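Residue 12 is where the sequence shown starts when you use the working numbering, and the numbers rise one by one after that. Cβ coordinates follow ideal geometry from the N, Cα and C atoms, glycine included. Values in this document were obtained by computation on a predicted structure and should not be read as measured data. One structure is given here, and the rest of the page talks about it.
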Amino acid sequence: MKFADGFWLNQRGYEVNYASQAYEITPVKNGLNVYATSQYIQNRGMTLGGPCLDITFTSTQKDVIKVSIEHYKGTLDNQPRFELEEDQGYTPEITEKGDCWELVSGDTKLVIGKFNWNVQYYYKDKRLTGGAWRSASIINESKFKTSARLNSMQDDTFWSYPQDARSTYIREQLSMNVGEYFYGFGEKFTPFVKNGQNVETWNSDGGTCSDQSYKCIPFYVSSTGYGVLVNSSDKVSFEVCSDTVSKVSFTVPGEKLEYFVIGGANIGEVLSNYTTLTGKPALPPAYTFGLWLTTSFTTKYDEETVTSFIDGMAERDIPLQVFHFDCFWMKEFQWCDFEWDKRQFPEPEAMLSRLKKDKGLEICVWINPYIAQRSQLFEEGAKNGYFIKNPDGSVFQGDLWQPGMAIVDFTNPAACEWYASKLRVLCEMGVNCFKTDFGERIPTNVKYYDGSDPIAMHNYYTYLYNKTVFNVLKEYYGENKACLFARSATVGGQKFPVHWGGDCSAEYTSMAETIRGGLSLCMSGFGFFSHDMSGFEATATADIYKRWAAFGLFSTHSRLHGNSSYRVPWLFDKDGSTECTDVLRFFTKLKGKLMPYIWAQAIKTHETGIPMMRAMVIDYAEDPACRTLDKQYMFGDNILVAPILNDQGVAEFYVPEGTWTDIISGQVYEGGKFYTQTYDYFGLPCLAKPNSIIGYGSFKRDFEYDYLEGTEFVIYAPEESREISANVYDAEANKVFTITAVRHGDMVEVSYTGTDKSFSVKVAGGEAVKVNPTAGGKVIIKL
Numbered sequence: 012m013k014f015a016d017g018f019w020l021n022q023r024g025y026e027v028n029y030a031s032q033a034y035e036i037t038p039v040k041n042g043l044n045v046y047a048t049s050q051y052i053q054n055r056g057m058t059l060g061g062p063c064l065d066i067t068f069t070s071t072q073k074d075v076i077k078v079s080i081e082h083y084k085g086t087l088d089n090q091p092r093f094e095l096e097e098d099q100g101y102t103p104e105i106t107e108k109g110d111c112w113e114l115v116s117g118d119t120k121l122v123i124g125k126f127n128w129n130v131q132y133y134y135k136d137k138r139l140t141g142g143a144w145r146s147a148s149i150i151n152e153s154k155f156k157t158s159a160r161l162n163s164m165q166d167d168t169f170w171s172y173p174q175d176a177r178s179t180y181i182r183e184q185l186s187m188n189v190g191e192y193f194y195g196f197g198e199k200f201t202p203f204v205k206n207g208q209n210v211e212t213w214n215s216d217g218g219t220c221s222d223q224s225y226k227c228i229p230f231y232v233s234s235t236g237y238g239v240l241v242n243s244s245d246k247v248s249f250e251v252c253s254d255t256v257s258k259v260s261f262t263v264p265g266e267k268l269e270y271f272v273i274g275g276a277n278i279g280e281v282l283s284n285y286t287t288l289t290g291k292p293a294l295p296p297a298y299t300f301g302l303w304l305t306t307s308f309t310t311k312y313d314e315e316t317v318t319s320f321i322d323g324m325a326e327r328d329i330p331l332q333v334f335h336f337d338c339f340w341m342k343e344f345q346w347c348d349f350e351w352d353k354r355q356f357p358e359p360e361a362m363l364s365r366l367k368k369d370k371g372l373e374i375c376v377w378i379n380p381y382i383a384q385r386s387q388l389f390e391e392g393a394k395n396g397y398f399i400k401n402p403d404g405s406v407f408q409g410d411l412w413q414p415g416m417a418i419v420d421f422t423n424p425a426a427c428e429w430y431a432s433k434l435r436v437l438c439e440m441g442v443n444c445f446k447t448d449f450g451e452r453i454p455t456n457v458k459y460y461d462g463s464d465p466i467a468m469h470n471y472y473t474y475l476y477n478k479t480v481f482n483v484l485k486e487y488y489g490e491n492k493a494c495l496f497a498r499s500a501t502v503g504g505q506k507f508p509v510h511w512g513g514d515c516s517a518e519y520t521s522m523a524e525t526i527r528g529g530l531s532l533c534m535s536g537f538g539f540f541s542h543d544m545s546g547f548e549a550t551a552t553a554d555i556y557k558r559w560a561a562f563g564l565f566s567t568h569s570r571l572h573g574n575s576s577y578r579v580p581w582l583f584d585k586d587g588s589t590e591c592t593d594v595l596r597f598f599t600k601l602k603g604k605l606m607p608y609i610w611a612q613a614i615k616t617h618e619t620g621i622p623m624m625r626a627m628v629i630d631y632a633e634d635p636a637c638r639t640l641d642k643q644y645m646f647g648d649n650i651l652v653a654p655i656l657n658d659q660g661v662a663e664f665y666v667p668e669g670t671w672t673d674i675i676s677g678q679v680y681e682g683g684k685f686y687t688q689t690y691d692y693f694g695l696p697c698l699a700k701p702n703s704i705i706g707y708g709s710f711k712r713d714f715e716y717d718y719l720e721g722t723e724f725v726i727y728a729p730e731e732s733r734e735i736s737a738n739v740y741d742a743e744a745n746k747v748f749t750i751t752a753v754r755h756g757d758m759v760e761v762s763y764t765g766t767d768k769s770f771s772v773k774v775a776g777g778e779a780v781k782v783n784p785t786a787g788g789k790v791i792i793k794l
């Protein structure tokens with residue numbers, strides 16, 4: 012929210028009182044408490060009134076400092092809380108010095124001045140951010156302003172933000188450094204660098220072409236090397252160098268603001284520390300990295316249609332791993348009742364058995380948290396109190412999406428179990444994963460079973476929904492065997508992968524939006540990302556289909572899905588051409604061959620929280636050119652990808668320092684500069700990082716296979732005396748092999764441990780050497 016009127020004034024109708032003096036600083040457990048007055052106290056008479064803020068700084072996790080700013084402590088606190096792992100058993104160092112107090116957490120330090128309000132954060136000796144004059148504040152909206160605002164508004168619609176009479180806000184303003192950039196805030200399709208933007212965290216079903224977002228995360232990352240998480244599921248308003256151009260402001264309604272300042276040696280470490288606090292991404296099963304195909308949304312489909320698509324992919328030698336049934340696997344007007352539409356799928360159990368056993372597929376079905384009035388489950392849910400209610404105790408219902416639908420109340424444990432029981436039946440049938448659609452359109456003038464604040468529940472609802480479904484799969488299939496295809500999320504949602512980017516359009520501009528959204532999401536603690544290849548809305552041209560296929564198969568998860576038309580490639584081939592089919596086959600098989608690398612990177616993401624698909628600035632923050640790049644990304648540690656976003660086949664991309672090698676063409680690029688190059692449909696910039704080892708497996712059809720037997724390890728641009736290595740894991744995420752290489756002049760010494768299986772190794776551009784090891788050994792490769 013904007014409160015300033017230029018530099019000196021505030022907007023009319025708002026009274027702003029800033030923390031002006033650290034009147035009293037007191038050590039408390041794991042931190043410091045500051046009683047901050049809104050004026051500098053010069054005599055006793057000045058203590059007789061005026062707003063004061065109770066501000067507490069604590070740390071129970073290394074390099075993470077929690078800040079709690081409170082005005083009135085007696086207000087009702089019924090907001091849902093993010094499930095944070097705050098207490099890591101860490102105790103900070105607290106020291107009083109001449110004119111300040113210091114709190115040191117790992118390498119992150121807080122300095123609080125004893126007199127005029129002055130709070131500064133450092134990482135080692137580098138200043139990160141801070142607040143002094145006009146930073147922390149309590150803001151009150153005048154009664155006249157509130158009344159005028161409410162009178163000018165139309166009645167709320169079903170999905171709108173409740174324009175209630177809340178008129179008190181707590182705001183913090185943290186300073187920026189010259190040349191500093193800010194990223195994150197969840198899946199945002201606006202420009203990747205958020206400087207100058209106003210960002211609000213309010214989950215919405217708005218597609219990919221606006222400033223709305225399915226996945227709002229009140230967390231941002233700075234190019235300087237720190238992050239800030241606002242610990243509120245309410246509507247948080249961020250002014251990113253906009254209201255005051257030298258500061259990031261964030262505001263929450265009410266009497267309390269809580270946030271965390273997260274330090275780290277680099278952005279990757281910041282994200283690792285953030286996900287230690289909020290939860291690491293779960294590891295999706297290996298098969299999920301293969302190609303997914305769906306029925307599409309409003310198309311007509313039955314068992315015959317589905318079988319024809321699956322057989323058509325097999326006949327064209329396109330490896331297919333997962334088949335997804337969208338909404339109309341259930342009967343119209345009855346979503347969700349979790350019952351197959353027997354008119355289209357007369358014997359669903361037998362069908363699923365055939366698809367799994369005969370076709371080798373995993374199965375996904377669509378669900379959402381809404382129960383239509385015509386569903387056989389409606390009466391049961393209403394009778395037992397399983398739905399969100401109106402303030403008068405009646406069931407909340409609406410007609411948008413499904414006539415008379417109710418919404419499952421996941422704050423009710425019995426409702427969670429009821430909903431989960433329906434999903435277990437589907438698992439017994441052979442369903443492996445669920446597409447958890449929606450979860451953003453959650454009303455606010457309602458009542459929850461546990462009494463939670465319905466406004467704060469709007470964003471938090473998706474967490475409870477996806478957690479319930481994910482736990483069903485985890486309990487049924489086991490650890491590291493659960494996978495969702497989720498659209499909505501909030502803080503902690505990364506624990507329930509995978510997430511896809513929602514309703515994009517079959518246009519290059521939408522493809523670029525999708526990349527920005529994915530990079531922003533992955534800058535917000537999410538490790539894995541997918542999207543609807545070739546676009547959801549409308550039908551792509553053959554040109555866009557082929558380019559999006561290449562991008563999609565260099566994403567962590569790859570799904571063909573659309574709205575009113577099918578997405579099998581032969582329907583896009585015209586005039587006797589088979590190029591769409593050929594391109595899809597080529598990149599699917601390339602991704603399959605890369606699974607030894609992809610799987611190892613996925614495990615690293617699961618263990619560290621550093622995203623697998625990530626913006627260049629995460630790895631190359633010291634390179635000024637990488638800080639604003641939003642049309643290319645790193646796919647794991649060692650592959651740079653730049654999707655082609657025009658019908659001329661022209662790629663414009665930047666290569667960081669070093670010697671990089673295209674893994675498809677073998678072309679070598681010297682780093683530190685931009686390139687412009689034209690590609691056919693079987694290529695795009697996909698460059699191996701210098702000093703890396705990438706394994707290419709003996710892929711045939713299934714993405715879950717032996718990632719070591721017959722694998723070829725390629726060493727890219729090794730530098731003199733620098734040790735480089737790669738690990739190989741089995742499908743259960745056990746490390747089974749390590750290969751290490753060191754260059755000495757005109758030879759590379761390769762050592763390996765942990766296998767008796769055969770593999771080969773080479774330096775890029777050279778001949779492969781076949782290795783038949785016993786249990787370990789060495790190979791010398793001459794350059």
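Contacts around residue i, its chain only, beta-carbon distance under 6 Å, and the 5 residues preceding and following it disregarded
{"i": "PRO696", "result": "ALA653, ALA662, PHE664"}
{"i": "TRP170", "result": "Bear in mind that the predicted position of TRP170 carries a pLDDT of just 48, short of 50, making it unreliable; the figure below should be weighed with that in mind. Excluding residues within five positions, the ones whose Cβ falls inside 6 Å are ARG452."}
{"i": "TRP144", "result": "none"}
{"i": "LEU794", "result": "ASP757"}
{"i": "GLY217", "result": "GLN223"}
{"i": "GLU668", "result": "GLY682, GLY683"}
Beta-carbon proximity check, residue i vs residue j, cutoff 7 Å
{"i": "THR567", "j": "ALA497", "result": "no"}
{"i": "VAL263", "j": "SER243", "result": "yes"}
{"i": "ILE735", "j": "ILE278", "result": "no"}
{"i": "GLN99", "j": "THR71", "result": "yes"}
{"i": "SER186", "j": "GLY124", "result": "no"}
{"i": "LYS291", "j": "GLY706", "result": "no"}
{"i": "ALA546", "j": "SER521", "result": "Checking the sequence shown, residue 546 turns out to be Gly, not Ala. Result yes, Cβ atoms of GLY546 and SER521 sit closer than 7 Å."}
{"i": "GLU250", "j": "ASN188", "result": "no"}
Beta-bridge partners of residue i, as assigned by DSSP
{"i": "MET627", "result": "The partner list for MET627 (beta bridge, DSSP) is empty, contrary to what the question assumes."}
{"i": "LEU185", "result": "VAL259"}
{"i": "ASN738", "result": "THR749"}
{"i": "GLY706", "result": "PHE724"}
{"i": "PHE597", "result": "Paired residue(s): none; PHE597 is not in a bridge."}
{"i": "GLY504", "result": "According to DSSP, GLY504 bridges with nothing at all."}
{"i": "LYS793", "result": "MET758"}
{"i": "ALA497", "result": "HIS510"}
{"i": "THR71", "result": "Answer is none; THR71 lacks a bridge partner."}
{"i": "MET544", "result": "LEU571"}
{"i": "ALA47", "result": "ALA33, LEU64"}
{"i": "LYS781", "result": "SER771"}
Own chain partners of residue i with C-beta closer than 7 Å, once the 5 adjacent residues on each side are dropped
{"i": "THR797", "result": "For residue 797 there is no data in the structure shown, the boundaries of the chain being 12 and 794."}
{"i": "TYR474", "result": "THR501, GLY503, GLY504"}
{"i": "TYR34", "result": "TYR46, ALA47, THR48, ILE52"}
{"i": "ARG596", "result": "ARG327, ASP328, ILE329"}
Same chain, Cβ closer than 8 Å to residue i, neighbours up to 5 away in sequence not counted
{"i": "LYS458", "result": "ILE399, LYS400, ASN401, PRO402, GLY404, PRO465"}
{"i": "GLN165", "result": "Here GLN165 scores only 48 on pLDDT, less than 50, and its place in the model is too uncertain to base an answer on."}
{"i": "TYR686", "result": "ALA662, GLU663, PHE664, TYR665, VAL666, TYR680, PRO696"}
Note to self: Tell me whether the region 337-356 and the region 390-405 touch, counting them as touching only if at least three CB pairs, one residue from each stretch, are closer than 8 Å.
What the structure shows: no
Check: Are three or more beta carbon pairs between the region 270-289 and the region 600-610 nearer than 8 Å?
Finding: no
Checklist line | Validate contact between the region 320-327 and the region 289-296 using beta carbons, cut 8 Å, 3 pairs | finding: no
Check: Counting Cβ pairs closer than 8 Å, one from the region 384-393 and one from the region 46-60, do we hit at least three?
Finding: no
Next item on the list: Determine, using beta-carbon pairs with one atom in the region 85-93 and one in the region 108-124, whether at least three such pairs fall under 8 Å.
Entry: no
Notebook entry, point to check: Three or more beta-carbon pairs under 8 Å between the region 197-214 and the region 246-255, yes or no?
Noted result: yes
Check: Which parts of the region 377-462 are runs of the beta strand (DSSP E), unbroken and 3 residues or longer, counting only runs that do not cross its ends?
Finding: 444-447
Next item on the list: Run through the region 251-308 for me and flag every whole alpha helix (DSSP H) of 4 or more residues, listed as ranges in chain order.
Entry: 278-289
Notebook entry, point to check: Counting only runs that start and end within the region 617-685, where is the alpha helix (DSSP H) found for 4 or more residues in a row?
Noted result: Here the runs fully enclosed are 627-630.
Next item on the list: Could you pull out every unbroken beta strand (DSSP E) segment of at least 3 residues lying fully inside the region 200-248, listed in chain order?
Entry: 209-211, 227-233, 237-241
Note to self: Just to confirm the assignment: which complete alpha helix (DSSP H) runs, minimum length 4, are found wholly within the region 78-121?
What the structure shows: none
Item checked: Inter-stretch contact at 8 Å, needing at least 3 Cβ pairs: the region 364-377 / the region 424-444 -> yes
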